[in-house]
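So the sequence shown is residues 0 to 372, counted in numbering that gives the first Met the number 0.
Each residue gets a CB set at the ideal place from its N, CA and C atoms; glycine is no exception.
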Amino acid sequence: MNIRFFLSPLIIASLALWLAGACGAKGTTEKGSSSATSGGSGAADGGSTDSAGGGLDPSGVGGFNPTTAGGGGMETCLTNEAEATPAPLDMVVLLDRSYSMKGAKWDGTVSAISSFFLDPGGSGIAASLSYFPPTDAATQCQTKVYELPKVPATELPLSASVLVNDIQAQTPGGNETPTYAALYGTLLYANQYQEDHPEHTVAVVLASDGDPTACEQNVATIAALAATAFAYNGVRTFAIAINGSTLANLDQIAAAGATVKAFDVTNDVNQLKLKLQEIRTQLLACEFTIPDPSVGAFDATKVNVEYTPGGGGVTTTLSKADNQADCGNKSGWYYDVPAAPTKITLCPASCASVKSDLKPKIAFLFGCPTSLN
Numbered sequence: 000m001n002i003r004f005f006l007s008p009l010i011i012a013s014l015a016l017w018l019a020g021a022c023g024a025k026g027t028t029e030k031g032s033s034s035a036t037s038g039g040s041g042a043a044d045g046g047s048t049d050s051a052g053g054g055l056d057p058s059g060v061g062g063f064n065p066t067t068a069g070g071g072g073m074e075t076c077l078t079n080e081a082e083a084t085p086a087p088l089d090m091v092v093l094l095d096r097s098y099s100m101k102g103a104k105w106d107g108t109v110s111a112i113s114s115f116f117l118d119p120g121g122s123g124i125a126a127s128l129s130y131f132p133p134t135d136a137a138t139q140c141q142t143k144v145y146e147l148p149k150v151p152a153t154e155l156p157l158s159a160s161v162l163v164n165d166i167q168a169q170t171p172g173g174n175e176t177p178t179y180a181a182l183y184g185t186l187l188y189a190n191q192y193q194e195d196h197p198e199h200t201v202a203v204v205l206a207s208d209g210d211p212t213a214c215e216q217n218v219a220t221i222a223a224l225a226a227t228a229f230a231y232n233g234v235r236t237f238a239i240a241i242n243g244s245t246l247a248n249l250d251q252i253a254a255a256g257a258t259v260k261a262f263d264v265t266n267d268v269n270q271l272k273l274k275l276q277e278i279r280t281q282l283l284a285c286e287f288t289i290p291d292p293s294v295g296a297f298d299a300t301k302v303n304v305e306y307t308p309g310g311g312g313v314t315t316t317l318s319k320a321d322n323q324a325d326c327g328n329k330s331g332w333y334y335d336v337p338a339a340p341t342k343i344t345l346c347p348a349s350c351a352s353v354k355s356d357l358k359p360k361i362a363f364l365f366g367c368p369t370s371l372n
């Protein structure tokens, strides 16, 4: 990956076109895949691919499904179904450790994040941890300082003590808040990790108590980093506003990172654990690894996604959108990388329904033309 991709959307557009060409028939005849060989849930909790496709267990083969063809005729297509399970989740936490965090604010933040690491609420979750500014103020605007996290991807809760010990050993320091450089380098890491683990969901969580005061300080420019990362390969940027920050600034970064708005803990930093849990729930409820069909080759134009509410409600076929923006207020889903998809993400309206459902069922149906938004 070109480590300068954030500086030029044109480069990214060109790279995306090159990738689409390099993938060739993957978009219509085979599903992109990758074996996870290092770090986090990819290596430790079964996130690597196998013959069933991303650890998902195909639930069986369906019957013939008549669909309406062009001109009013009927086309018969053989379908096979596979129940969906959430994609393994990797959260990259980027924490402000500037001097203004000192005292009860820091203690509450450390306690809340430590508690989340120790009790993440499920398996298939990993976290990495970075801080800004660095201990050497002379390097605080060098993006390469942030390109490797202080603690790399670590499985939760099995190895949570590694993360907890590190954050509890930190102390606030530094008079500046170099948000631009820190987020730039962290997003480079997250995007590379996403490329290495394409069937995972990777997200950055930025938590800060202040506005940018060093390096590039224009909030729109900082937000553009988050927008470019999401456009590149779907890495989202969440923001958590701690007391002292300007909520509107972090809202702008979160919106650009495809997470709507920042989580606000300015009145009570102890709520930070709850916000991390909300982020986890959102990501686990709404992103799913695509399994291999049990019959025939994968064809991205012949995939449908069904949602059945818990308690045996009516099953609905969700329509495919081009991307999140194309969802609008409609229910539906979209591919992570249309040219070589490995995951699907539910549109916001469908995501909200699934999150509020205690026992939702999401299933993939292969073999019939995709229902379009």
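*Examine the ligand ATP and report whether any of its heavy atoms sits within less than 7 Å of the Cβ of N232.*
Absence of the ligand ATP from the depicted structure is noted, as is the absence of any ligand whatsoever, leaving it without description.
_Assuming A238 and I221 are in contact, meaning their beta carbons sit under 8 Å apart, how far apart are those beta carbons, in whole angstroms?_
Not quite, the Cβ-Cβ distance comes to about 10 Å (not below 8 Å), so this is no contact.
*List the endpoints of the continuous alpha helix (DSSP H) containing V268.*
Run containing V268: none; DSSP gives neither H nor E here.
*Spatial neighbours of A180 in its chain, beta-carbon cut-off 7 Å, leaving aside the 5 residues before and after*: Q139, C140, Q141, T142, Y145 and C214
*Would DSSP call V353 helix, strand or coil?*
helix
*asked:* What does DSSP give as the partner residue(s) for A299 in the beta ladder?
replied: According to DSSP, which records beta bridges pairwise, A299 is partnered with nothing at all.
*asked:* By DSSP's criteria, S129 is part of a beta bridge. Which residues make up the other side?
replied: L93
*C-beta atoms of R279 and G120 nearer than 8 Å*: yes
_Host alpha helix (DSSP H) of N164 (start-end)_ = A159 to A168
*Rounded C-beta distance between A320 and C346? I'm assuming under 8 Å.*
6 Å
*Is DSSP giving P151 helix, strand or coil here?*
strand
*Among V204, W332 and P148, nearest to A225 - alpha-carbon criterion*: V204
*Between the beta-carbon of S97 and the beta-carbon of P148, is there less than 8 Å?*
no
*Consult DSSP for C367 and reduce its assignment to one of helix, strand or coil.*
coil
*If you follow the alpha helix (DSSP H) that I221 is part of, which residue opens it and which one closes it?*
V218 to N232
*Under a three-way DSSP split, which group does C214 fall into?*
coil
*Under the three-state DSSP convention, the category S99 falls into*: helix
*Considering only residues of the same chain and omitting the five flanking positions on each side of Q323, which have a CB-CB separation below 8 Å?*
A257, Y333, T344, C346 and P347
*Work out the CA separation of N266 and T84 for me, nearest whole Å.*
36 Å
*Locate the beta strand (DSSP E) running through Y188, then write down its first and last residues.*
No beta strand (DSSP E) holds Y188; the alpha helix (DSSP H) holding it covers T178 to D195.
_Residue from G312, E194 and E154 whose Cα sits closest to the Cα of P357_ = Going by the sequence as given, residue 357 is Leu instead of Pro. If we check each option's Cα against that of L357, G312 comes out closest.
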